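Novice: A single structure is presented below for examination.
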Amino acid sequence: MIKITTIIGARPQFIKAATVSRAIAQQVQSGQPRPIKETIIHTGQHFDDNMSEVFFRELEIPKPDYNLGIGGGTYGQNTGRMIEAIEGALINEKPNWVVVYGDTDSTLAGALAAAKLHIPVAHVEAGLRSYNRIMPEEVNRILADQLSTVLFCPTETAVNNLKKEGFPHELASDSHQLITNVGDVMYDAALFYAARAEEKSRIMQTLKLEPKNFVLATIHRAENTDDPTRLRGIMEALNQIAKEIPVVLPMHPRTKKKLGINDSIQGEKPFLKDGTPFIIDPVGYLDMIMLEKNAKVIITDSGGVQKEAYFHGVPCVTVRDETEWVELVEVGANVLARAQSDNIVAAFQHMQDRPIQARRLYGDGNSAEQILEKLFSTNRLLQKS
Ligand code: UDP
Numbered sequence: 000m001i002k003i004t005t006i007i008g009a010r011p012q013f014i015k016a017a018t019v020s021r022a023i024a025q026q027v028q029s030g031q032p033r034p035i036k037e038t039i040i041h042t043g044q045h046f047d048d049n050m051s052e053v054f055f056r057e058l059e060i061p062k063p064d065y066n067l068g069i070g071g072g073t074y075g076q077n078t079g080r081m082i083e084a085i086e087g088a089l090i091n092e093k094p095n096w097v098v099v100y101g102d103t104d105s106t107l108a109g110a111l112a113a114a115k116l117h118i119p120v121a122h123v124e125a126g127l128r129s130y131n132r133i134m135p136e137e138v139n140r141i142l143a144d145q146l147s148t149v150l151f152c153p154t155e156t157a158v159n160n161l162k163k164e165g166f167p168h169e170l171a172s173d174s175h176q177l178i179t180n181v182g183d184v185m186y187d188a189a190l191f192y193a194a195r196a197e198e199k200s201r202i203m204q205t206l207k208l209e210p211k212n213f214v215l216a217t218i219h220r221a222e223n224t225d226d227p228t229r230l231r232g233i234m235e236a237l238n239q240i241a242k243e244i245p246v247v248l249p250m251h252p253r254t255k256k257k258l259g260i261n262d263s264i265q266g267e268k269p270f271l272k273d274g275t276p277f278i279i280d281p282v283g284y285l286d287m288i289m290l291e292k293n294a295k296v297i298i299t300d301s302g303g304v305q306k307e308a309y310f311h312g313v314p315c316v317t318v319r320d321e322t323e324w325v326e327l328v329e330v331g332a333n334v335l336a337r338a339q340s341d342n343i344v345a346a347f348q349h350m351q352d353r354p355i356q357a358r359r360l361y362g363d364g365n366s367a368e369q370i371l372e373k374l375f376s377t378n379r380l381l382q383k384s
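Numbering (numbering that gives the first Met the number 0), first residue to last: 0 to 384.
Written out as structure tokens, the structure reads:
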């Protein structure tokens, strides 16, 4: 029996972990002679229905075994409380692996708690770098990589970033760390859930949107929301673009708070007169896929949404000074725009009719299966040594 403890807490992690949980469930159902058990710890970083519950329901993620309910504090308070609570759960569970995803406080707390208990850590989405340590995410991912035994990179760029930092080469047999490019679990998710989204989502009808005749925008990154000048620049740009074409803006709680918008916006139209962005509450993943697929352009500061734009063949403007997903910029699918109104509007105009060529940048859509295989094979190696 191999026991895996999955640590998640924030929206993008639910989506990433859903792919591996699904692969585990398939493994169990297929009756293969490799018993496996997954335990899920939800730290509580995101807890609203539309930031957490909806993903468990729609993506059929097993209910968490532990709900730590930790959120709302400073980075230090949250991370400290998470480490303590995760440590307790891991002492209880004694897993063979702790699997952490991405770059949040939950990622770091999970990796640190496990490493100190000598439980091997697997980091999914390892090796990404923005080279901007102002970002809390950058600090979390650098430390999580250091603490991990297996580093599951989503791209060759990520593998090379790790090599540059002195991590061992891929599959180096004499190393205590294993780096491997398994592709991106978010691509697995985009492929798998696209058909379900077509069948189940009604968001296009509800919002009365016409395909390829609206812009989808998401803004939530602290570097944008916590800087009033940047946030004003972004909102001015979206206002300006909304005079040309409808702009749909599912708004993250952090952004709402900074803009002083009341808790729930319910998608009616308190927001606004015609010609300004259509602000709605955050949507579930299936609705998000439909919005992404049908958008003419996506404007975002999200890591995941940048890639999903590409998966669905939609040009993207990323409102950041740098990106971890540099290959998207290299192939012309994405353009970076500083968070100033004129830059964003110009980038939108530049991208709006741009054809996006499909290439194989993020694997073949079977990352989760590869991750599972590697966890089994590395577990055998660890037990021998
Ligand atoms: N997402 C969603 N509903 C929304 C906004 C985003 O389901 O209203 C999904 C999106 O499709 C992507 C993930 O959330 O899969 C991205 O999460 P987020 O932007 O919060 O974090 P990041 O990717 O920047 O870490």
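Ideal placement from N, C-alpha and C gives every residue a C-beta, glycine not left out. The structure presented is a predicted model; accordingly, all values stated were derived computationally and were not measured.
Could you tell me if residue 314 is buried or exposed, where buried requires 16 or more neighbouring beta carbons within 10 angstroms of its beta carbon?
Specialist: What you label residue 314 is simply residue 315 of the sequence shown in a count that begins at 1. Buried, since its Cβ has 16 or more Cβ neighbours within 10 Å.
Novice: Measuring alpha carbon to alpha carbon, tell me which of 81, 196 and 95 ends up nearest residue 105.
Specialist: Position 106 of the sequence shown holds residue 105. Taking only the C-alpha atoms, the option nearest residue 105 is 81.
Novice: Using a Cβ-Cβ distance cut-off of 7 Å, determine whether residue 109 contacts chain B.
Specialist: The structure shown contains no chain B; it holds only a single protein chain.
Novice: Between the beta-carbon of residue 364 and the beta-carbon of residue 187, is there less than 7 Å?
Specialist: Within the sequence shown, the letter at position 365 stands for residue 364. Within the sequence shown, the letter at position 188 stands for residue 187. Contact flag set, yes.
Novice: Report the three-state DSSP secondary structure of residue 95 (helix, strand or coil).
Specialist: Taking the sequence shown and counting its residues from 1, one reaches residue 95 at position 96. Note: residue 95 maps to coil in three-state DSSP.
Novice: Would the beta-carbon of residue 126 be found less than 6 Å away from any heavy atom of the ligand UDP?
Specialist: Taking the sequence shown and counting its residues from 1, one reaches residue 126 at position 127. The answer is no for residue 126.
Novice: Specify the secondary structure class of residue 335 as computed by DSSP and reduced to three states.
Specialist: Against the sequence shown, residue 335 aligns to sequence position 336. DSSP places residue 335 in strand when its eight states are reduced to three.
Novice: Of all the beta strand (DSSP E) runs that stay within the bounds of the stretch 145 to 210, which reach a length of 3 or more residues?
Specialist: Counting only runs of 3 or more, we get 149 to 152 and 177 to 180.
Novice: Cutting at 7 Å between CB atoms, please list the residues of its own chain near residue 57, excluding the five before and the five after it.
Specialist: Mapped onto the sequence shown, residue 57 falls at position 58. Excluding residues within five positions, the ones whose Cβ falls inside 7 Å are 283, 284 and 285.
Novice: Under three-state DSSP, which class holds residue 35?
Specialist: As a working mapping, residue 35 is identified with position 36 in the sequence shown. Here residue 35 sits in strand by DSSP.
Novice: On a Cα-Cα basis, can you pick out the residue from 101, 336, 193 and 230 that is closest to residue 293?
Specialist: Stepping through the sequence shown from its first residue, residue 293 is reached at position 294. Nearest option by C-alpha distance: 193.
Novice: Let me check one thing: in DSSP terms, what residues is residue 296 bridge-paired to?
Specialist: For this step, residue 296 is matched to residue 297 along the sequence shown. Residue 296 pairs with 214.
Novice: Can you look up residue 17 in the DSSP assignment and give me helix, strand or coil?
Specialist: For this step, residue 17 is matched to residue 18 along the sequence shown. Correct three-state label for residue 17: helix.
Novice: According to DSSP, which residues form a beta bridge with residue 248?
Specialist: Start at 1 with the first residue of the sequence shown, and residue 248 comes out as number 249. BP columns for residue 248 point to 278.
Novice: When the Cα atoms are used, what is the spatial distance from residue 320 to residue 146?
Specialist: One-based indexing of the sequence shown puts residue 320 at position 321. One-based indexing of the sequence shown puts residue 146 at position 147. So the alpha carbons of these two residues sit roughly 28 Å apart.
Novice: Do you know how far the Cα of residue 150 is from the Cα of residue 125?
Specialist: In the sequence shown, the residue the question calls residue 125 occupies position 126. In the sequence shown, the residue the question calls residue 150 occupies position 151. Cα-Cα distance, rounded: 5 Å.
Novice: State the Cα-Cα distance for the pair residue 311 and residue 32, rounded to the nearest angstrom.
Specialist: As a first step, residue 311 must be located in the sequence shown, where it is residue number 312. As a first step, residue 32 must be located in the sequence shown, where it is residue number 33. Their backbone Cα atoms lie some 37 Å apart in a straight line.
Novice: Of all the options 134, 377 and 130, which has the alpha carbon lying nearest to the alpha carbon of residue 164?
Specialist: As a first step, residue 164 is located in the sequence shown; it is residue number 165 there, counting from the start. Of the listed residues, the one whose Cα sits closest to residue 164 is 130.
Novice: Among residues of its own chain, excluding the 5 on either side of residue 4, which ones have a beta-carbon nearer than 6 Å to its beta-carbon?
Specialist: Your numbering for residue 4 matches position 5 in the sequence shown. Excluding residues within five positions, the ones whose Cβ falls inside 6 Å are 38, 92, 94 and 97.
Novice: What did DSSP end up calling residue 125 once you bin it into helix, strand or coil?
Specialist: Here residue 125 corresponds to residue number 126 of the sequence shown, with the count starting at 1. Of the three classes helix, strand and coil, the one that applies to residue 125 here is coil, per DSSP.
Novice: Have a look at 346, 35 and 9 and flag the residue whose alpha-carbon is nearest the alpha-carbon of residue 372.
Specialist: For the purposes of this step, residue 372 is identified with residue 373 of the sequence shown, where counting begins at 1. Minimum Cα distance to residue 372 is reached at 35.
Novice: Which word fits residue 357, buried or exposed, when buried means at least 16 other C-beta atoms lie within 10 angstroms of its C-beta?
Specialist: Residue mapping note: residue 357 aligns to position 358 of the sequence shown, counting from 1. Exposed, by the Cβ-count rule.
Novice: With hydrogens ignored, establish whether the beta-carbon of residue 184 is closer than 6 Å to any heavy atom of the ligand UDP.
Specialist: Mapped onto the sequence shown, residue 184 falls at position 185. Residue 184 Cβ: outside cutoff for every heavy atom of the ligand UDP.
Novice: How many angstroms separate the CA atom of residue 86 from the CA atom of residue 42?
Specialist: Walking along the sequence shown from the start, residue 86 turns up at place 87. Walking along the sequence shown from the start, residue 42 turns up at place 43. Cα to Cα, residue 86 sits roughly 12 Å from residue 42.
Novice: In chain order, what residues of the same chain have a beta carbon less than 6 Å from the beta carbon of residue 340, not counting five sequence neighbours either side?
Specialist: Within the sequence shown, residue 340 is the residue found at index 341, counting from 1. Excluding positions up to five away in sequence, the list reads 232, 235 and 236.
Novice: Can you tell which of 162, 289, 181 and 51 has its C-alpha closest to the C-alpha of residue 204?
Specialist: Locating residue 204 in the sequence shown gives position 205, where the first residue counts as 1. Ranking the options by Cα distance to residue 204, first place goes to 289.
Novice: Taking the C-alpha atoms as reference points, what is the distance between residue 77 and residue 69?
Specialist: Position 78 of the sequence shown holds residue 77. Position 70 of the sequence shown holds residue 69. Residue 77 and residue 69: Cα-Cα distance of roughly 6 Å.
Novice: Could you check if residue 287 is buried or exposed, using at least 16 other CB atoms within 10 Å of its CB as the buried criterion?
Specialist: Within the sequence shown, the letter at position 288 stands for residue 287. Buried, since its Cβ has 16 or more Cβ neighbours within 10 Å.
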